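Contents: one structure, followed by commentary.
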Amino acid sequence: MTTQTLTFAAARSRAHGPAAALWHAVEVHRAPADLDGACELTVCGTLARVTTEAHWPVSGVDVCSACTAASQRFHVEPGPPPGRGPRSISGR
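Under our numbering, think of the first position of the sequence shown as 22, with each following residue one higher.
Below you can see the structure in the form of structure tokens.
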């Protein structure tokens, strides 16, 4: 059996009209230093600004339900402390 490993970073979207700003998951394909502050396409298809100050999954009520559902099939492994890059996620 093979295990799929993905790395996700947390990203914050902007508020648009009645929609609040939410935390989203971004699948990372390059070094965390290249992502800090960059606008990326999230797992759910939204554009959001990546931050290395928070890790996915982000706890709170302002988290994208589509990104949460899409990433629930992956197991979160311990990652570096905030500010040290994204966490590594492994498929079950």
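The beta carbon of each residue, even a glycine, is placed where N, CA and C say it ideally should be. Keep in mind it's a predicted model, so treat the numbers as computed, not measured.
- [ ] Please confirm if residue 58 has its CB atom under 8 Å from at least one CB of chain B.
- [x] This model lacks chain B altogether, as it is built from one protein chain only.
Open item on the list: If you follow the beta strand (DSSP E) that residue 60 is in, where does it begin and where does it stop?
Closed with: Sequence index remark: in the sequence shown, residue 60 carries index 39 (1-based). Taken as a continuous stretch (DSSP letters only), the beta strand (DSSP E) holding residue 60 covers 60-62.
Open item on the list: Taking the straight line between their C-alpha atoms, what separation do you get for residue 54 and residue 77?
Closed with: Taking the sequence shown and counting its residues from 1, the one referred to as residue 54 is at position 33. Taking the sequence shown and counting its residues from 1, the one referred to as residue 77 is at position 56. Pairing residue 54 with residue 77, the inter-Cα distance amounts to about 16 Å.
Open item on the list: Assuming the contact rule is C-beta atoms closer than 8 Å, residue 30 and residue 49 should be a hit. Round their C-beta distance to whole Å, please.
Closed with: Looking up residue 30 in the sequence shown gives position 9. Looking up residue 49 in the sequence shown gives position 28. Taking the Cβ atoms as the reference, residue 30 lies roughly 5 Å from residue 49, within the contact range of under 8 Å.
Task: Coil, strand or helix - residue 73 by DSSP - done: Translated into the one-based positions of the sequence shown, residue 73 becomes position 52. Correct three-state label for residue 73: coil.
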